[in-house]
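A short write-up of the structure that comes next.
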Amino acid sequence: MTPIRLRHLTAILVLFPALLFATPAAAQDDNVLRSFEPDYFAHFAPRTALDMINRVPGFQLESGTTDRGIGQGGANLLLDGKLITGKGDDASEIIGRISAADIVRIDIVDGSSLNIPGLSGQVANIITQKDKSLNGTWAWNPEFRNRLEGNLFNGNVTISGESGDVSYSAELRNNARRVGQRGIETHTGLDGIVFQEFYEDLQSYSDSPGASVSLTYKPKEDHVGNLNIEYNLYDEDTRLKSTFEALTPRGEDGLFEYNFVEDEWNAKIDGDYEFPFAAGKLKLIAYHRTEHSPTFETIQRFNRQGGRLSETQFNQIADEAESIARAEYGWTPSEGRDWQFAAEGVFNFLDIESEFVDVLTPANSFTLDPARVEEWRGESTLTHTRTLSSKWDLQASIGAEYSELTYNDQARDFVRPKGFVALTYKPEDNLSIRGKFEREIGQLNFFDFIESIDLQDNLGQAANPNLKPSQSWIGEIEFNRRFDGGHAITARFFAEEVTNLVDRIPIGVSGDGIGNIDDASRFGVEIDGTIKGAPLGLKGMELNFNGFFIDSDVDDPVEGFSRRLNFYDYSYWEFDIRHDIPNTDLAYGFGAFQNHDTKVYRANAIEDFLFRGPWGSAFIEHKDIMGVKVNVSVQNLLDASNDFERVLYTDRRDIGSVDRIEYSKLEFDPFIRLSISGTF
12 MTPIRLRHLT AILVLFPALL FATPAAAQDD NVLRSFEPDY FAHFAPRTAL DMINRVPGFQ
72 LESGTTDRGI GQGGANLLLD GKLITGKGDD ASEIIGRISA ADIVRIDIVD GSSLNIPGLS
132 GQVANIITQK DKSLNGTWAW NPEFRNRLEG NLFNGNVTIS GESGDVSYSA ELRNNARRVG
192 QRGIETHTGL DGIVFQEFYE DLQSYSDSPG ASVSLTYKPK EDHVGNLNIE YNLYDEDTRL
252 KSTFEALTPR GEDGLFEYNF VEDEWNAKID GDYEFPFAAG KLKLIAYHRT EHSPTFETIQ
312 RFNRQGGRLS ETQFNQIADE AESIARAEYG WTPSEGRDWQ FAAEGVFNFL DIESEFVDVL
372 TPANSFTLDP ARVEEWRGES TLTHTRTLSS KWDLQASIGA EYSELTYNDQ ARDFVRPKGF
432 VALTYKPEDN LSIRGKFERE IGQLNFFDFI ESIDLQDNLG QAANPNLKPS QSWIGEIEFN
492 RRFDGGHAIT ARFFAEEVTN LVDRIPIGVS GDGIGNIDDA SRFGVEIDGT IKGAPLGLKG
552 MELNFNGFFI DSDVDDPVEG FSRRLNFYDY SYWEFDIRHD IPNTDLAYGF GAFQNHDTKV
612 YRANAIEDFL FRGPWGSAFI EHKDIMGVKV NVSVQNLLDA SNDFERVLYT DRRDIGSVDR
672 IEYSKLEFDP FIRLSISGTF
């Protein structure tokens with residue numbers, strides 16, 4: 012770690028205890044840290060339960076796992092005391108379909124006090140009305156950007172209600188995007204002379220219409236069933252037009268056009284049923300998702316007079332699916348003592364068919380060998396949750412995972428232990444300190460096994476049938492503190508030791524792909540919080556902030572020096588200030604964010620994605636124009652840009668020399684975003 016990075020982390024560690032032990036807030040219930048009734052959110056004019064969750068001070072909604080399988084834990088969100096089955100953003104999508112009118116209150120509880128293995132820290136429990144009336148919400152979110160078509164088709168409609176023993180919600184939506192950037196790219200030789208200049212204009216249009224339905228069935232006491240069905244389309248058309256000019260004899264003049272098209276559909280169904288069984292409760296869970304994704308890439312090159320020099324295509328069809336069956340049996344032998352045994356089976360596969368086409372010289376065309384990756388995986392865990400005292404809670408889990416990975420009929424299997432110990436200390440009602448030590452098994456991205464061709468950058472990826480999942484030891488400590496007046500702050504410090512890190516490695520003589528590196532480490536801090544304006548004499552004002560700093564260390568597999576892990580956000584900060592003007596329906600605010608990514612070290616190149624920010628925005632909102640809420644914002648007020656630098660070598664970095672340095676600065680321009688929403 013460099014001295015500057017060490018000073019940043021040291022400053023946070025020194026100053027943070029002063030915040031922890033400042034004036035506390037008033038005492039709350041033992042397990043319920045905070046409660047928020049609808050009146051608390053009224054001045055925000057929320058439309059859905061998700062709108063309300065996003066305004067809870069000092070609480071960050073965390074998505075469920077995106078790894079294969081469901082596993083323990085999930086999103087830090089409960090609905091009427093029950094964990095929402097699903098993956099990724101499923102939980103937030105479900106509460107986004109529940110009308111704010113049906114919410115009784117939101118409780119923030121300590122996850123370690125719940126008999127839900129893997130769930131710790133702050134958890135939001137959304138309590139809904141018992142008899143829900145039929146109601147709905149709608150939203151339209153157009154955007155208007157310079158030199159792009161207006162995005163007029165982003166929006167959604169939801170309904171929710173209850174009939175007898177069944178409550179339901181449904182949504183129609185289109186997550187449309189219209190984005191673009193443009194600017195100059197230069198190529199510079201080792202002598203420092205720019206030999207070629209490009210003017211680039213990138214435009215990407217996509218539409219993602221979809222429909223979702225959720226049903227909850229409660230036929231009698233302690234019997235609960237859920238069914239979720241979803242279908243989505245995804246159509247993308249991305250075009251890059253680049254005009255290039257030679258500045259020295261080494262350069263070239265001409266034009267190239269790049270086009271990427273995707274025409275995907277995906278579908279998902281999952282369900283669960285919980286009921287009393289023997290001395291406890293049994294929950295049965297099933298999940299299936301499938302996706303069909305054809306993609307088509309084309310590059311055409313023209314000379315200065317417009318004559319076509321080349322046209323190449325890379326076409327690929329990807330079919331993938333995941334099926335999960337899981338059973339959880341929990342029992343409580345005595346008060347403050349909970350046990351759960353869980354078993355899960357998962358099957359995943361990815362089928363890839365690819366071809367390279369040279370339109371002008373068909374003899375150069377070829378079809379890549381079809382590739383199939385599949386995995387059969389099973390795991391079982393035993394988890395115990397125990398209240399040690401009024402101030403201490405313990406949760407511990409032990410388990411094992413068996414996995415059989417097959418790549419084009421080459422099979423390998425693995426057996427690995429997993430588990431965790433989590434301890435929560437609540438010295439005061441306004442302060443909780445949570446520690447956790449965990450053994451985690453990483454999940455592989457099946458696309459990392461597959462050979463691919465990058466037409467745009469001429470940097471492909473070699474196949475690697477020997478890829479293994481990573482394993483990590485993770486230790487973390489988290490502090491949650493509340494203060495008088497509604498202020499709140501959360502901080503998490505963590506360290507991770509990784510074996511079999513999944514990263515880019517050299518493959519063969521000059522190939523580059525995804526593989527494993529023996530050892531690596533990561534460590535960092537995350538902080539988020541809320542400061543209320545009312546105690547400071549600024550009624551209706553609120554400041555929310557969050558950020559993190561993550562450092563890492565790994566030995567570069569090509570040159571052997573110590574560096575950060577490839578391509579992840581190592582620092583990020585964000586804040587937003589909102590002022591709801593008292594006794595009016597008006598609000599305004601502004602905010603900004605900035606992130607920094609680590610470099611990407613390939614066998615023959617070093618890439619640096621440079622977001623030149625910060626990104627700034629400001630809005631004004633009226634909450635009741637004939638019953639409709641209207642929010643108008645200006646985005647990118649500070650003229651942020653996407654900059655990119657790539658150092659290309661003549662061969663592998665350890666044996667070659669620098670061939671050229673590519674640098675581009677692509678700008679977005681400020682743009683207007685509207686959010687218009689209502690209820691019915």
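Residue numbers (my numbering): 12 to 691. Glycine included, each C-beta is placed from N, C-alpha and C at the ideal position.
**Study point:** Option nearest alanine 297 by Cα separation, candidates Asn359, Ala336, Thr396 and Tyr242
**Key:** If you number the sequence shown from 1, residue 297 lands on position 286. Checked all of Asn359, Ala336, Thr396 and Tyr242; the closest Cα to alanine 297 is Ala336.
Check your understanding: By how many angstroms is the C-alpha of glutamate 48 removed from the C-alpha of glycine 147?
Key -> Start at 1 with the first residue of the sequence shown, and residue 147 comes out as number 136. Start at 1 with the first residue of the sequence shown, and residue 48 comes out as number 37. So the alpha carbons of these two residues sit roughly 20 Å apart.
Check your understanding: Nearest to valine 190 by alpha carbon, out of Ser217, Gln351 and Tyr179?
Key -> The sequence position of residue 190 within the sequence shown is 179, counting from 1. Of Ser217, Gln351 and Tyr179, the residue nearest in Cα terms is Ser217.
Point to revise | Same chain, Cβ closer than 6 Å to threonine 372, neighbours up to 5 away in sequence not counted | key: Numbered from its first residue, the sequence shown carries residue 372 at position 361. Cβ neighbours of threonine 372 beyond the five flanking positions: none.
Exercise for review: Determine the closest residue to glutamate 412 out of Tyr579, Ala354, Ala332 and Ile636, with distance taken between C-alpha atoms.
Suggested key: By one-based count along the sequence shown, residue 412 stands at place 401. Nearest C-alpha to glutamate 412: Ala354.
Exercise for review: Would you mind working out which of Ile461, Asp121, Leu547 and Arg319 sits nearest arginine 45, comparing C-alpha positions?
Suggested key: Working through the sequence shown from its first residue, we reach residue 45 at position 34. Nearest of Ile461, Asp121, Leu547 and Arg319 to arginine 45, Cα basis: Asp121.
Check your understanding: For glutamine 467, does the count of other Cβ atoms within 10 angstroms reach 16, so buried, or fall short, so exposed?
Key -> As a working note, residue 467 is residue 456 in the sequence shown. The residue is exposed, with fewer than 16 neighbouring Cβ atoms inside 10 Å.
Exercise for review: Count the other CB atoms, across all protein chains shown, that sit within 10 Å of the CB of proline 546; report buried if there are 16 or more and exposed otherwise.
Suggested key: Counting from 1 along the sequence shown, the entry for residue 546 is found at position 535. Burial call: exposed.
**Study point:** Close Cβ partners of leucine 251 (< 6 Å) along its chain, the five nearest in sequence each way excluded
**Key:** Counting from 1 along the sequence shown, the entry for residue 251 is found at position 240. Excluding positions up to five away in sequence, the list reads Leu213 and Tyr269.
Check your understanding: Whole beta strand (DSSP E) runs in the region 485 to 573 with 3 or more residues, listed along the chain?
Key -> 499 to 518, 522 to 543 and 552 to 566
Exercise for review: Give the single residue among Lys93, Phe560 and Gly410 whose Cα lies nearest to the Cα of asparagine 237.
Suggested key: Counted from its first residue, the sequence shown places residue 237 at position 226. If we check each option's Cα against that of asparagine 237, Lys93 comes out closest.
Practice item. Determine the DSSP secondary structure at threonine 378, reduced to helix, strand or coil. Key: Working through the sequence shown from its first residue, we reach residue 378 at position 367. The answer is strand: DSSP assigns threonine 378 an E or B state.
Check your understanding: Who does histidine 198 pair with in a DSSP beta bridge?
Key -> Counting from one through the sequence shown, the residue named residue 198 turns up at place 187. Answer by DSSP bridge pairing, in chain order: Gln207 and Glu673.
Check your understanding: What residues in its chain sit with their C-beta under 6 Å from that of aspartate 680, if we drop five residues either side in the sequence?
Key -> By 1-based counting over the sequence shown, the position of residue 680 is 669. Within the same chain, aspartate 680 has close Cβ partners Asn157.
Exercise for review: Give a single yes or no on whether threonine 343 has its beta carbon closer than 7 Å to a heavy atom of the ligand NAD.
Suggested key: The ligand NAD is not among the ligands present in this structure, which contains no ligands whatsoever.
Practice item. Just tell me which of Val536, Glu154, Arg66 and Val67 has its CA closest to the CA of glutamine 646. Key: Numbered from its first residue, the sequence shown carries residue 646 at position 635. Closest by alpha carbon: Glu154.
**Study point:** Beta-carbon proximity list for asparagine 87, same chain, < 6 Å, skipping 5 on both sides
**Key:** Your numbering for residue 87 matches position 76 in the sequence shown. So the qualifying residues of the chain are Glu73 and Val134.
**Study point:** Coil, strand or helix - isoleucine 64 by DSSP
**Key:** In the sequence shown, residue 64 corresponds to position 53, counting from 1. Note: isoleucine 64 maps to helix in three-state DSSP.
Practice item. Could you tell me if aspartate 530 is buried or exposed, where buried requires 16 or more neighbouring beta carbons within 10 angstroms of its beta carbon? Key: Residue mapping note: residue 530 aligns to position 519 of the sequence shown, counting from 1. Aspartate 530 should be labelled exposed.
Check your understanding: Got a sec, what are the start and stop residues for the alpha helix (DSSP H) phenylalanine 325 sits in?
Key -> For the purposes of this step, residue 325 is identified with residue 314 of the sequence shown, where counting begins at 1. Segment 319 to 345 is the beta strand (DSSP E) holding phenylalanine 325; no alpha helix (DSSP H) there.
Review point. On the premise that proline 287 lies in contact with aspartate 349, defined as a C-beta separation below 8 Å, what is that separation, rounded to the nearest angstrom?
Key: Position 338 of the sequence shown, counted from the start, is the residue given in the question as residue 349. Position 276 of the sequence shown, counted from the start, is the residue given in the question as residue 287. At roughly 15 Å, the Cβ-Cβ gap does not stay under 8 Å, so aspartate 349 and proline 287 are not in contact.
Exercise for review: For proline 153, name the three-state secondary structure that DSSP assigns.
Suggested key: Working through the sequence shown from its first residue, we reach residue 153 at position 142. If DSSP states are grouped into helix, strand and coil, proline 153 belongs with coil.
Exercise for review: Taking all protein chains shown into account, decide if proline 57 is buried (16 or more other Cβ within 10 angstroms of its Cβ) or exposed.
Suggested key: To locate residue 57, count along the sequence shown from 1; it is residue 46. Buried, since its Cβ has 16 or more Cβ neighbours within 10 Å.
Review point. Would DSSP call serine 578 helix, strand or coil?
Key: For the purposes of this step, residue 578 is taken as residue 567 along the sequence shown, with counting starting at 1. For the record, residue 578 in the displayed sequence is phenylalanine; it is not serine. Three-state result, phenylalanine 578: coil.
Review point. Nearest-angstrom Cα distance between serine 675 and threonine 197?
Key: Here residue 675 refers to the residue found at position 664 of the sequence shown. Here residue 197 refers to the residue found at position 186 of the sequence shown. So the two alpha carbons sit approximately 6 Å from each other.
Exercise for review: Could you check if serine 365 is buried or exposed, using at least 16 other CB atoms within 10 Å of its CB as the buried criterion?
Suggested key: Residue numbering aside, residue 365 sits at position 354 when the sequence shown is read from its first letter. That one is buried.
Review point. My guess is that glycine 453 and glutamine 482 are in contact by the Cβ rule of under 8 Å, so how many angstroms apart are they, rounded?
Key: Taking the sequence shown and counting its residues from 1, the one referred to as residue 453 is at position 442. Taking the sequence shown and counting its residues from 1, the one referred to as residue 482 is at position 471. Confirmed, about 7 Å.
Point to revise | From Ser644, Ile666, Asp650 and Arg671, residue whose alpha carbon lies closest to that of isoleucine 687 | key: Taking the first residue of the sequence shown as 1, we reach residue 687 at position 676. Measuring from the Cα of isoleucine 687, the nearest candidate turns out to be Ser644.
Point to revise | First through last residue of the beta strand (DSSP E) which encompasses aspartate 118 | key: Numbered from its first residue, the sequence shown carries residue 118 at position 107. Residues 114 to 121.
Review point. Is glycine 497 buried or exposed, if buried means 16 or more other CB atoms sit within 10 Å of its CB?
Key: Residue numbering aside, residue 497 sits at position 486 when the sequence shown is read from its first letter. Under this definition glycine 497 is a buried residue.
Check your understanding: Taking the alpha carbon of leucine 478 as the point to measure from, which residue in Arg515, Val67, Asp635 and Thr394 has its own alpha carbon closest?
Key -> For the purposes of this step, residue 478 is identified with residue 467 of the sequence shown, where counting begins at 1. For the residues Arg515, Val67, Asp635 and Thr394, the minimum Cα distance to leucine 478 belongs to Arg515.
Review point. Taking the alpha carbon of alanine 257 as the point to measure from, which residue in Asn314, Arg575, Asp62 and Ile64 has its own alpha carbon closest?
Key: Position 246 of the sequence shown, counted from the start, is the residue given in the question as residue 257. If we check each option's Cα against that of alanine 257, Asn314 comes out closest.
Check your understanding: Taking buried to mean at least 16 other C-beta atoms within 10 Å of its own C-beta, is isoleucine 204 buried or exposed?
Key -> Looking up residue 204 in the sequence shown gives position 193. Looking at its Cβ environment, which holds fewer than 16 other Cβ atoms inside 10 Å, isoleucine 204 is exposed.
Check your understanding: If you compare alpha carbons, which of Glu211, Thr259 and His590 is closest to arginine 66?
Key -> Your numbering for residue 66 matches position 55 in the sequence shown. Of the listed residues, the one whose Cα sits closest to arginine 66 is His590.
Check your understanding: In this structure, does DSSP put leucine 30 in helix, strand or coil?
Key -> For this step, residue 30 is matched to residue 19 along the sequence shown. Residue placement at leucine 30 cannot be trusted, given a pLDDT of 42 that sits under 50; the coordinates are not used to answer.
Check your understanding: Can the beta-carbon of glutamate 173 be found less than 8 Å from the beta-carbon of arginine 108?
Key -> Mapped onto the sequence shown, residue 173 falls at position 162. Mapped onto the sequence shown, residue 108 falls at position 97. No, the pair does not count as a contact, with Cβ atoms beyond the cut-off.
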